[in-house]
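K.L.:
The C-terminal position of the sequence shown is numbered 66 in our numbering, with every residue numbered one higher than the one before it.
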Amino acid sequence: MNVNEPAHRRARLTVAYDGAHFHGFAINDGVRTVAGVLTDALSLIARTPIEITGAGRTDAGVHA
Numbered sequence: 003m004n005v006n007e008p009a010h011r012r013a014r015l016t017v018a019y020d021g022a023h024f025h026g027f028a029i030n031d032g033v034r035t036v037a038g039v040l041t042d043a044l045s046l047i048a049r050t051p052i053e054i055t056g057a058g059r060t061d062a063g064v065h066a
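#1: Is it the case that the Cβ atoms of Val33 and His25 are separated by a distance below 8 Å?
#2: Leaving out five residues on either side along the sequence, give the residues of the same chain with a beta carbon under 7 Å from the beta carbon of Ala37.
#3: Quick check: what's the CA-CA separation for Tyr19 versus Thr35?
#4: Which residue marks the beginning of the alpha helix (DSSP H) containing Gly38, and which one marks its end?
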């Protein structure tokens with residue numbers, strides 16, 4: 003372990019959303035997705051790139 007590298011942190015989030023204005027959950031270049039919007043928002047708050055892993059996914063227009 004390199005003490006000069008920042009520690010990785012893990013967090014669990016439970017997310018509910020109206021999927022009417024999204025093209026599914028998984029990040030997909032060129033379209034607005036739940037994971038894409040969530041990643042962008044969390045990266046802005048954390049001021050560092052954030053990676054997320056979804057435990058489930060939905061198709062376009064599906065609410066979860």
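Cβ coordinates follow ideal geometry from the N, Cα and C atoms, glycine included.
P.N.:
In brief:
#1: Taking 8 Å as the cut-off, the beta carbon of Val33 is found closer than this to the beta carbon of His25.
#2: These residues qualify, in order along the chain: Phe27, Ala28, Ile29, Ile54 and Gly56.
#3: Distance between the alpha carbons of Tyr19 and Thr35 is about 11 Å.
#4: Annotation: the continuous alpha helix (DSSP H) that includes Gly38 extends over Val36 to Ala48.
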